[in-house]
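Novice: First, the structure itself, so that you have it in front of you.
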C-alpha cells in the first residue's frame, strides 16, 4: 500500500515514530536527490528547527558533502519563523483531519471497536493516514501563491534585491 503512494509522498518508518539520526540521514539523502537539479552549481539552504538529530556531526558532514547549508531557526520562535509548522503543515493537517472525520462518520465502528471485533488493525490505520496525507498533499501542492505567502511571511523567501525586506 505504501509503494502505491511513492510518487506522492515519502514514508519513513522508525518503531517509535521519532525522527532519529538514521531517519534524518535517509531523509537528507532523499532531499538531496529531489533538489540537486535546482541549482547544480550553487548551495541549497535547508531551514530546520533545532532538532538534535539534524544537528549531529554525521548530519552536518553529510550536508557539507552534498552542498546543503543548514540554517536553524531560533528556539521558541516557531510560530513566527516556521513556514511549515504554522502554514503549510497546518493546512496539510487540516485537510488530513477532514478526511479522517469523513472516514470516522462513514464507519464509526471501525474506529472505536477493537480489531478482533470489527475495528481497524493498526497497520490499516497507518495505511489510511498515509493515503489521506497523499490526498491532502495532492490537493495543495500546486497552490503556489499559498506556499509563496508562507515562506515570504516568515522571512524565508525574500527578494535578493532587498525588496520586501520589511516583511
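Residue numbers (our numbering): 2 to 168.
Every residue, glycine too, gets a C-beta built ideally from N, C-alpha and C.
#1: Check residue 101 in the structure and name its three-state DSSP category.
#2: Measuring alpha carbon to alpha carbon, tell me which of 78, 152, 134 and 140 ends up nearest residue 5.
#3: Going by DSSP, which residues form a beta bridge with residue 10?
#4: Can you list, in chain order, the residues of its chain with a C-beta nearer than 6 Å to that of residue 55? Leave out the 5 residues immediately preceding and following it.
#5: For a quick check, are the C-beta atoms of residue 23 and residue 15 less than 9 Å apart?
#6: Does DSSP put residue 90 in a helix, in a strand, or in coil?
#7: Based on Cα-Cα distance, which residue from 10, 93 and 69 lies nearest to residue 144?
#8: Do the segment 38 to 45 and the segment 64 to 73 touch if we need at least three Cβ pairs shorter than 8 Å?
Specialist: Judging by the given coordinates:
#1: Looking at residue 101 - three-state DSSP - the assignment turns out to be helix.
#2: Nearest to residue 5 by C-alpha distance, out of 78, 152, 134 and 140, is 134.
#3: Residue 10 is not bridged to any residue.
#4: For residue 55, where only same-chain residues beyond five positions count, the Cβ hits under 6 Å are 25 and 49.
#5: At a Cβ-Cβ threshold of 9 Å, residue 23 and residue 15 count as neighbours.
#6: Reduced to three states, the DSSP call for residue 90 is helix.
#7: The shortest C-alpha separation from residue 144 is found at 93.
#8: Yes, the segment 38 to 45 touches the segment 64 to 73.
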